[in-house]
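Shown next, in structure tokens, is the structure this report addresses.
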Amino acid sequence: MKGIYYGGTYSGPGGSLVGTVTSSTIDSCLVACKNNYTSYSASIAGSVTDSVITNSINFSNDLDFVGKTSGNNTFFNNAYKTSQSTDYNGYTEAEFASGLVAFEISKYLATSVWGQTVGSDAHPVIGGLKVYCNGTQFTNVESSCTFTEGRCANC
Numbered sequence: 006m007k008g009i010y011y012g013g014t015y016s017g018p019g020g021s022l023v024g025t026v027t028s029s030t031i032d033s034c035l036v037a038c039k040n041n042y043t044s045y046s047a048s049i050a051g052s053v054t055d056s057v058i059t060n061s062i063n064f065s066n067d068l069d070f071v072g073k074t075s076g077n078n079t080f081f082n083n084a085y086k087t088s089q090s091t092d093y094n095g096y097t098e099a100e101f102a103s104g105l106v107a108f109e110i111s112k113y114l115a116t117s118v119w120g121q122t123v124g125s126d127a128h129p130v131i132g133g134l135k136v137y138c139n140g141t142q143f144t145n146v147e148s149s150c151t152f153t154e155g156r157c158a159n160c
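Note that the sequence shown covers residues 6 to 160 in the working numbering.
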């Protein structure tokens with residue numbers, strides 16, 4: 006599964022995008038929705054076995070990326086979420102809006118589907134404007150920052 010955006014409201018068990026994932030890769034997906042179901046609910050998948058979730062964003066405050074994981078080979082790689090979720094390192098809504106997450110999710114990728122209109126978009130979007138670090142802030146204007154290990158020394 007690659008390059009999917011889902012927003013809105015979902016009412017049911019499992020994931021907003023898919024119920025079960027086995028031996029697969031979920032790449033460059035964004036879920037920004039609310040799930041009104043009370044148990045076994047997640048933003049991307051209800052159950053994940055031996056799979057990779059990479060370059061993806063969970064902007065659903067009340068949902069984890071996945072409901073449950075099994076197997077020894079389920080990994081999160083370059084995946085970001087709002088801090089209210091409990092399953093992966095989180096960021097605040099303000100950090101999402103600032104452009105930080107769009108910058109972070111794209112910085113090591115030769116080609117990224119992610120971008121964001123800083124100051125307008127609440128979170129990164131598929132096909133959005135490229136985000137740059139310009140000293141101490143994130144912007145859509147390319148800067149002349151000095152980068153060390155993929156990060157601006159001033160940001």
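Even glycine gets a Cβ: it sits at the ideal position worked out from N, Cα and C.
Since the model is a prediction, treat every value here as computed from it, not as a measurement.
- Query: What three-state label does DSSP hand ILE166 in the structure shown?
  - Reply: Here the chain comprises residues numbered 6 to 160, so residue 166 is not present and cannot be evaluated.
- Put ILE2 into one of helix, strand or coil per three-state DSSP. There is no way to answer for residue 2, as the model of the chain reaches only from 6 to 160.
- From the DSSP output, in three-state form, read off LEU114 for me. Residue state, collapsed to three classes: coil.
- Message: Tell me the rounded alpha-carbon separation between ASN145 and VAL136.
- Response: So the alpha carbons of these two residues sit roughly 5 Å apart.
- Tell me whether VAL23 counts as near the ligand PLP, meaning its Cβ is closer than 8 Å to at least one heavy atom of that ligand. Within the structure as shown, the ligand PLP is missing, as the structure has no ligands at all.
- Sequence-distant residues of its chain with Cβ nearer than 8 Å to SER28 (five each side left out): Within its own chain, the residues whose Cβ lies closer than 8 Å to the Cβ of SER28, once the five positions on either side in sequence are excluded, are THR54, ASP55 and SER56, listed in chain order.
- Excluding five sequence neighbours on each side, which residues of the same chain lie with their C-beta closer than 8 Å to the C-beta of GLY133? ALA107, TRP119, GLY120, GLN121, THR122 and ASP126.
- Query: Is it the case that the Cβ atoms of SER52 and GLY12 are separated by a distance below 9 Å?
  - Reply: Cβ atoms of SER52 and GLY12: not closer than 9 Å.
- Task: Tell me whether the beta-carbon of ASN83 lies closer than 9 Å to the beta-carbon of ILE49.
- Result: With a cutoff of 9 Å on beta-carbon distance, ASN83 and ILE49 are scored as not near each other.
- Can you name the start and end residues of the beta strand (DSSP E) that THR101 belongs to? It is Phe, not Thr, that sits at residue 101 in the sequence shown. No beta strand (DSSP E) contains PHE101, which is instead part of the alpha helix (DSSP H) from 98 to 103.
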